[in-house]
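Trainee:
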């Protein structure tokens, strides 16, 4: 286990600031802070990096989502960096997220002692990034029509749609690439080609698993919980939540709701709380213990869930329950096969490009047909 932790932030006015340190007696000078920070900057290194600085064996962690921040672990002389790297990355990730959301609640001693970690974003969270990045969602809609398109042509189309002469296509496609929704390949001498290999659907699902657990634990409580969920999905007015309604209107409340739920999924701390609630009804203290988040932070997240009708509190039982479960699922975009066939017939698509697209779909989903 590391001997010490410190968190460095490069402030525009104050320069390098040690925002947190443990133990409090840890002494650091300006030169050490410069060396730690620029070890990452000069190589544009993210995640973990080992350095020997001012006689200290330092493992530092930085990531692009928190520019200007570095979390540093000081190792003892006998500590092995390789065996500690996964835990340190997870602890650093948690520290950075807490520093950006609730800096006053960050307790380095507890995080180090409990080895509390935050995992890397999973596939669901990566897909969620697409829906709350407007340009990425717009590009996905275009690819749902075209199936496959030249990157240069997509860039021109986006410039027209967004009414701008400058488009950073790489930044726009990154959420789509990171989630595996698209593949970008250089075919021959014709430039980069973008292939749609997955499509995604975001919606609120009934928390069936959680309700079943509640029924098993306490039938009476489970019954009240089920009624609470029914009031959201099938209220007496008959105007419940229906994610299958057409989304042709850009001002549709379903589109706004999907973006809101995607933002919830992509944020690491709310997602940790959501994962707990997916397991079944929970006491707030139990959620704080499982997530290693400060109780005040958990309470704040639950209140925001309640406001968005994602969760609710059953006061008489002292528990929180999931009312609607925000999920994003991927599926094979088989609807694009006729579009590929038509493009090929109209000679808008080279045969090798069509073949490569089918190969990518088979790689992702297995045999398309028996």
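Numbering (our numbering), first residue to last: 4 to 373.
Think of the CB as a built atom: it goes at the ideal place given N, C-alpha and C, for glycine as much as any other residue.
1. Measuring only the C-alpha atoms, how far is residue 228 from residue 94?
2. Could you name the residues that DSSP lists as bridge partners for residue 334?
3. Excluding the five sequence neighbours on either side, which residues of its own chain have a C-beta within less than 6 Å of the C-beta of residue 320, listed in chain order?
4. Can you name the residues that DSSP bridges to residue 323?
5. What residue from 123, 96 and 280 has the CA that sits closest to residue 72's CA?
6. Name the DSSP beta bridge partners of residue 328, please?
7. Suppose the cutoff is 6 Å on Cβ atoms and the five residues either side in sequence are ignored; what does the same chain contact list for residue 330 look like?
8. What does DSSP give as the partner residue(s) for residue 153 in the beta ladder?
9. Report back the beta-carbon spacing between residue 151 and residue 198 to the nearest angstrom; my notes put them in contact at under 8 Å.
10. Note down, in chain order, each residue of its chain lying with its Cβ closer than 6 Å to the Cβ of residue 203, except the 5 sequence neighbours on either side.
11. Can you give me the start and stop residues for the beta strand (DSSP E) that residue 59 sits inside?
12. Helix, strand or coil for residue 93 per DSSP?
13. Should residue 80 be labelled buried (16 or more other beta-carbon atoms within 10 Å of its own) or exposed?
14. Do you know whose CA, among 201, 158 and 170, lies nearest residue 179's CA?
15. Rounded to whole angstroms, what is the Cα-Cα separation between residue 298 and residue 291?
16. Can you give the Cα-Cα distance for residue 189 and residue 61, rounded to whole angstroms?
17. Below 6 Å CB to CB, which residues in the same chain sit around residue 132 once its five sequence neighbours on both sides are set aside?
18. Use the C-beta contact count for residue 135: other C-beta atoms within 10 angstroms, 16 or more gives buried, fewer gives exposed.
19. Residue 317: which of 184, 196, 336 and 285 sits nearest, CA to CA?
20. Let me know the secondary structure DSSP gives residue 32 once reduced to three states.
21. Using CA coordinates, which residue listed in 322, 363 and 102 is at the minimum distance from residue 289?
22. Short of 7 Å in beta carbon distance, which residues of its chain neighbour residue 155, apart from the five on each side in sequence? Order them along the chain.
23. For the stretch 107-123 against the stretch 138-150, do three or more pairs of beta-carbon atoms, one drawn from each stretch, fall closer than 8 Å, so that the two count as touching?
24. Does the beta-carbon distance from residue 187 to residue 143 come in below 8 Å?
25. Leaving out five residues before and five after residue 372 in sequence, what residues of the same chain have Cβ atoms less than 7 Å from its Cβ?
26. Throw me the rounded Cβ distance for the residue 311 and residue 242 pair, which I believe falls under 8 Å.
27. Output the boundary residues of the alpha helix (DSSP H) element that contains residue 358.
28. Is DSSP giving residue 140 helix, strand or coil here?
29. When burial is assigned at 16 or more other CB atoms within 10 Å of the CB, is residue 261 buried or exposed?
30. I need the straight-line Cα distance from residue 341 to residue 352, nearest angstrom please.
31. Within the continuous alpha helix (DSSP H) that includes residue 114, where are the two ends?
Mentor: In this structure, then:
1. Rounded to the nearest whole angstrom, the C-alpha separation of residue 228 and residue 94 is 35 Å.
2. Note: residue 334 sits in a beta bridge opposite 202.
3. Closer than 6 Å at the Cβ level, and outside the excluded window around residue 320, lie 224.
4. Bridge partners of residue 323: 285 and 316.
5. Answer by Cα proximity: 96.
6. Bridge partners of residue 328: 208.
7. Taking residue 330 as the centre and dropping the five residues before and after it, the same chain places the C-beta of 208 closer than 6 Å to its C-beta, in chain order.
8. Partner(s): 196.
9. Between residue 198 and residue 151 the Cβ distance is about 5 Å, and since that is below 8 Å, they are a contact.
10. Around residue 203: 130, 331 and 333.
11. From DSSP, the beta strand (DSSP E) with residue 59 extends over 59-65.
12. Here residue 93 carries a helix assignment [DSSP, helix/strand/coil].
13. Exposed: under 16 other Cβ atoms inside 10 Å.
14. Among 201, 158 and 170, the Cα nearest to that of residue 179 is on 201.
15. Whole-angstrom Cα-Cα distance: 6 Å.
16. Rounded to whole angstroms, the separation of the alpha carbons of residue 61 and residue 189 is 40 Å.
17. Here the set comprises 178 and 269.
18. Under the 10 Å beta carbon count, residue 135 is surrounded by 16 or more other beta carbons and is classified as buried.
19. For the residues 184, 196, 336 and 285, the minimum Cα distance to residue 317 belongs to 285.
20. Note: residue 32 maps to coil in three-state DSSP.
21. In terms of Cα proximity to residue 289, the closest of 322, 363 and 102 is 322.
22. Non-local beta-carbon contacts of residue 155 in its own chain, meaning distances under 7 Å to residues more than five positions away in sequence, involve 194 in chain order.
23. Contact between the stretch 107-123 and the stretch 138-150 is absent, because fewer than three Cβ pairs lie under 8 Å.
24. For residue 187 and residue 143, no; Cβs fall outside 8 Å.
25. Annotation note: pLDDT 49 at residue 372 (below 50); position unreliable, coordinate value reported separately. The answer is none, since no qualifying residue turns up.
26. Their Cβ separation, rounded to whole angstroms, is 18 Å, which puts residue 311 and residue 242 out of contact at 8 Å.
27. Its alpha helix (DSSP H) spans residues 354-368.
28. The three-state secondary structure of residue 140, taken from DSSP, is helix.
29. With 16 or more Cβ atoms within 10 Å of its Cβ, residue 261 is classed as buried.
30. If I take the Cα positions, the gap works out to 13 Å.
31. In this chain, the alpha helix (DSSP H) harbouring residue 114 covers 111-117.
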